[in-house]
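**Student:** Its first residue numbered 395, the sequence shown is counted upward by one per residue in the numbering used here. Each residue gets a CB set at the ideal place from its N, CA and C atoms; glycine is no exception.
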Amino acid sequence: MCNLYRMTKNASEVAAWFDAVEGARGANFAAEVYPGYTGLVVAEGAVRAMTWGFPLVLKGAKGQPLKPKPVNNARSDKLATGFWRHAFEHRRCLIPLEAWGEAEGPKGRMTRTWLSLPDRPLFAAAGVWRPSEEWGDCYSMVMTASEGTDAAAVHERMPVLLAPSDQARWLEASPQDAFALCRAWAGPLAIERTGDPWGKAAAPAPALQQPGLF
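In structure tokens form, the structure reads like this:
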């Protein structure tokens with residue numbers, strides 16, 4: 395599953411790339427996005443800042459509510475279930491990214507491997523979003539099996555990647571037509587294996603500066 399992705403473009407650049415309204419001016423977000431962090435999405439024709447992950451409130455041993463956990467991946471074969479159904483049917487979005495990260499190596503010594511589309515500085519993964527009482531608007535990335543793709547050498551699942559010609563269909567089509575797009579990327583992928591430790595950063599990376607704010 396995907397628990398890290400990279401996105402260094404600012405909101406204005408994302409808006410221009412996806413022909414959307416820039417609606418996230420002033421938002422702070424990290425260049426490396428982890429579950430629970432703020433990221434950019436394209437929803438309802440605008441670039442918006444949301445929290446990555448739907449809040450899942452669990453209960454402790456005494457029945458007390460615990461701190462919400464961000465559920466940041468939505469398996470394509472679970473989109474018709476209660477947790478995801480309404481968002482999938484009514485609130486689909488695009489998640490702009492430059493690469494997504496996966497962990498490789500033995501436990502305790504895992505390193506980062508980055509996957510991306512060759513020669514594409516920015517591309518879109520399929521997403522769903524909803525408002526929440528805990529974090530405001532939030533989003534999750536739709537995942538599918540990677541079998542038969544370049545990504546299968548790294549992980550058994552991968553984000554649903556959307557070609558430019560399919561992005562409007564994902565956002566606007568019926569749930570049945572949108573679901574037909576939930577397939578693995580058949581084209582080539584760039585795979586960059588690094589020696590960087592997988593472990594989550596101790597603190598968010600410096601927020602990207604939005605034009606005109608500083």
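Could you check what DSSP says for W529 in three-state terms: helix, strand or coil?
**Tutor:** Coil.
**Student:** If I'm right that A443 touches A418 with Cβ under 8 Å, what's the distance once you round it to whole angstroms?
**Tutor:** Rounded, the Cβ-Cβ distance is 4 Å, consistent with contact.
**Student:** Given a cut-off of 8 Å, decide if R551 and T538 are closer than it, judged by their beta-carbon atoms.
**Tutor:** Yes, these two residues count as a Cβ contact at 8 Å.
**Student:** What is the residue span of the alpha helix (DSSP H) that P569 lies within?
**Tutor:** Unbroken alpha helix (DSSP H) run through P569: P569 to F573.
**Student:** By how many angstroms is the C-alpha of R486 removed from the C-alpha of W626?
**Tutor:** Since the first residue of the chain shown is 395 and the last is 608, residue 626 is not available in this structure.
**Student:** Label V436 either buried or exposed according to how many other C-beta atoms from any shown protein chain fall within 10 Å of its C-beta, with 16 as the threshold for buried.
**Tutor:** Buried.
**Student:** When the Cα atoms are used, what is the spatial distance from D471 to Y431?
**Tutor:** Each residue's alpha carbon lies about 25 Å from the other.
**Student:** Counting only the same chain and skipping the five closest in sequence on each side, list residues whose C-beta sits under 8 Å from that of L488.
**Tutor:** Closer than 8 Å at the Cβ level, and outside the excluded window around L488, lie F412, V435, V436, A437, A518, A519, A520, G521, L556, Q561, W564 and L565.
**Student:** If we cut at 8 Å on Cβ distances, does T475 have a partner in chain C?
**Tutor:** Structure shown: chain C not included; a single protein chain is present.
**Student:** The alpha helix (DSSP H) spanning E498 covers which residue range?
**Tutor:** Taken as a continuous stretch (DSSP letters only), E498 belongs to no alpha helix (DSSP H), being part of the beta strand (DSSP E) at A493 to E498.
**Student:** Looking only at DSSP bridge pairs, what is A584 linked to?
**Tutor:** Beta-bridge pairing links A584 to S510.
**Student:** Please list, in chain order, all residues of the same chain as L491 whose beta carbon is under 7 Å from its beta carbon, the five residues on each side excluded.
**Tutor:** Taken in chain order, the residues that qualify are Y399, R400, M401, F517 and A519.
**Student:** Whose C-alpha, out of P512, C576, V441 and R587, is nearest the C-alpha of D531?
**Tutor:** The residue with the shortest Cα to Cα distance from D531 is V441.
**Student:** Please classify G447 as buried or exposed, where buried requires at least 16 other C-beta atoms within 10 Å of its C-beta.
**Tutor:** The residue in question, G447, is buried, as its Cβ has 16 or more Cβ neighbours within 10 Å.
**Student:** Enumerate in chain order the residues of its own chain whose CB-to-CB distance from L511 is below 6 Å, with the five nearest sequence positions on each side excluded.
**Tutor:** F517.
**Student:** So for W592, helix, strand or coil by DSSP?
**Tutor:** Correct three-state label for W592: coil.
**Student:** Look up R563 in the DSSP assignment and say whether it is helix, strand or coil.
**Tutor:** Helix at R563.
**Student:** I'd like to know whether the C-beta atoms of R506 and W579 end up nearer to each other than 8 Å.
**Tutor:** Going by C-beta atoms, R506 is not nearer than 8 Å to W579.
**Student:** How long is the line joining the alpha carbons of K403 and E426, rounded to whole angstroms?
**Tutor:** Roughly 11 Å between the two C-alpha positions.
**Student:** Determine which residues share a DSSP beta bridge with C396 and list them.
**Tutor:** Per DSSP, none; premise fails for C396.
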